[in-house]
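Please read the structure below before turning to the comments.
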Amino acid sequence: MPETVTITREDGVATITVDRPDSLNALNVATLEALDRTLDETEDVRALVLTGAGENAFVAGADISYMKELSVEEAMAYAELGHRVCDRIATHDAPAIAAVNGYAFGGGCELALACDLRVASENAVLGQTEIDLGIVPGWGGTQRLSRLVGDAAARRMVFLGERLDAESAAEIGLVGEVVPQEELDSVVDEMAHQLAAKPRFALAAAKEALNQVHESHQSAGLAYERRLWSGLFGTADQREGMEAFVEKRDPDFE
Ligand code: COA
Numbered sequence: 015m016p017e018t019v020t021i022t023r024e025d026g027v028a029t030i031t032v033d034r035p036d037s038l039n040a041l042n043v044a045t046l047e048a049l050d051r052t053l054d055e056t057e058d059v060r061a062l063v064l065t066g067a068g069e070n071a072f073v074a075g076a077d078i079s080y081m082k083e084l085s086v087e088e089a090m091a092y093a094e095l096g097h098r099v100c101d102r103i104a105t106h107d108a109p110a111i112a113a114v115n116g117y118a119f120g121g122g123c124e125l126a127l128a129c130d131l132r133v134a135s136e137n138a139v140l141g142q143t144e145i146d147l148g149i150v151p152g153w154g155g156t157q158r159l160s161r162l163v164g165d166a167a168a169r170r171m172v173f174l175g176e177r178l179d180a181e182s183a184a185e186i187g188l189v190g191e192v193v194p195q196e197e198l199d200s201v202v203d204e205m206a207h208q209l210a211a212k213p214r215f216a217l218a219a220a221k222e223a224l225n226q227v228h229e230s231h232q233s234a235g236l237a238y239e240r241r242l243w244s245g246l247f248g249t250a251d252q253r254e255g256m257e258a259f260v261e262k263r264d265p266d267f268e
């Protein structure tokens, strides 16, 4: 099977690319496991960049074709894997930048949320779109999103499943900045190299301390989220929402 995650390293900066462009870089189990393995190779790096292969997508989410028939137990295992990867990025000693180069929906938006900083290209579109599949964000989104953009904006995104263009995402603080598509790589590369040049232990301590602001309540919230998310598998709306996506039609919810 072709490797669906690639890594390049230069001057202490590791760039990890989800490389499954035919599925708009959707994160199936193999790709999440590849991301997990790839993170093993980044212990010594000083800055991480995450991005997606191709012109159109950062990561279009968890893999809907895979998810649509999952049982509650299987969904829990998938949630745990997604959480594991996101948590490893969020707690990595090195700061992580999401170079959001296109669609970042559902699990893709959550992958970006797990990073410390988000830079979007003008063509990026972001959203927690799970509601239209009959589920809710399950890889940290319910917890990390509201901490970043505030409760009201998070509720709006999660309840309505809105797809925000890059400028709208910047207005609510979901991305830190928006740059022309052709400049994204160089802007992120420069930022990553600036971070890599900072004192490593101070940066790690700064990240740990900033993470601590939310930590005491967040772990309980994440466990809660996993239970809620997995419990939706098997509901008629989950089956219908995902079936409709795969069959390229509008869902007919109960
Ligand atoms: N899971 C699995 N496959 C996905 C996917 C996902 N999350 N997102 C896109 N794909 C696949 C499509 O099924 C399609 O595969 P096919 O060529 O075998 O039919 C391919 O990627 C291209 O997607 P397509 O929908 O044809 O491209 P588009 O440009 O018309 O639309 C999106 C792009 C991103 C707007 C649309 O694919 C979409 O809405 N995806 C789902 C996003 C989502 O809800 N993600 C949250 C999941 S938790």
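Take the position in the sequence shown, starting the count at 1, then add 14; the result is the number in this note's numbering. Where is the CB? At the ideal position from N, CA and C, for every residue including glycine.
query = By how many angstroms is the C-alpha of ILE186 removed from the C-alpha of ARG169?
reply = Position 155 of the sequence shown holds residue 169. Position 172 of the sequence shown holds residue 186. In a straight line, the C-alpha of ARG169 is about 12 Å away from that of ILE186.
key: Check: ILE30 C-beta below 7 Å from any heavy atom of the ligand COA   = Within the sequence shown, numbered from 1, the residue matching residue 30 stands at position 16. ILE30: no, Cβ never under 7 Å from the ligand COA.
request  = Output yes if chain D places a C-beta closer than 8 Å to the C-beta of ASP77; else output no.
outcome  = As a matter of chain content, chain D is missing from the structure shown, which is built from one protein chain.
Limits of the unbroken beta strand (DSSP E) element including ALA118 = Taking the first residue of the sequence shown as position 1, residue 118 is located at position 104. Its beta strand (DSSP E) spans residues 117-119.
key: Span of the beta strand (DSSP E) around LEU131   = For this step, residue 131 is matched to residue 117 along the sequence shown. Element bounds for LEU131: 131-135.
message = Taking 7 Å as the cut-off, is the beta-carbon of THR156 closer than that to any non-hydrogen atom of the ligand COA?
response = Position 142 of the sequence shown, counted from the start, is the residue given in the question as residue 156. No - the ligand COA has no heavy atom lying nearer than 7 Å to the Cβ of THR156.
ask   = Can you tell me whether DSSP reads PHE173 as helix, strand or coil?
value = One-based indexing of the sequence shown puts residue 173 at position 159. PHE173 falls in the helix class under three-state DSSP.
task = Determine the direct distance from the alpha carbon of ARG60 to that of ALA8, and round the result to whole angstroms.
result = Shown here, the chain extends from 15 to 268; a query on residue 8 therefore has no answer.
key: Start-end ranges of the alpha helix (DSSP H) lying completely within the stretch 59-99, minimum 4 residues   = 78-81
message = Below 7 Å, is the gap between the Cβ of GLU144 and the nearest heavy atom of the ligand COA?
response = By 1-based counting over the sequence shown, the position of residue 144 is 130. Correct: GLU144 has its Cβ closer than 7 Å to the ligand COA.
Beta-carbon contacts of GLN142 that lie in its chain and below 6 Å, excluding the five residues immediately before and after = For this step, residue 142 is matched to residue 128 along the sequence shown. CYS123, PRO151, GLY155, MET171 and VAL172, listed in sequence order.
message = I'd like to check one pair, VAL192 with ALA128: are the Cβ atoms closer than 8 Å?
response = The residue you call residue 128 lines up with position 114 of the sequence shown. The residue you call residue 192 lines up with position 178 of the sequence shown. No; because the gap between Cβ atoms is not below 8 Å, this pair is not in contact.
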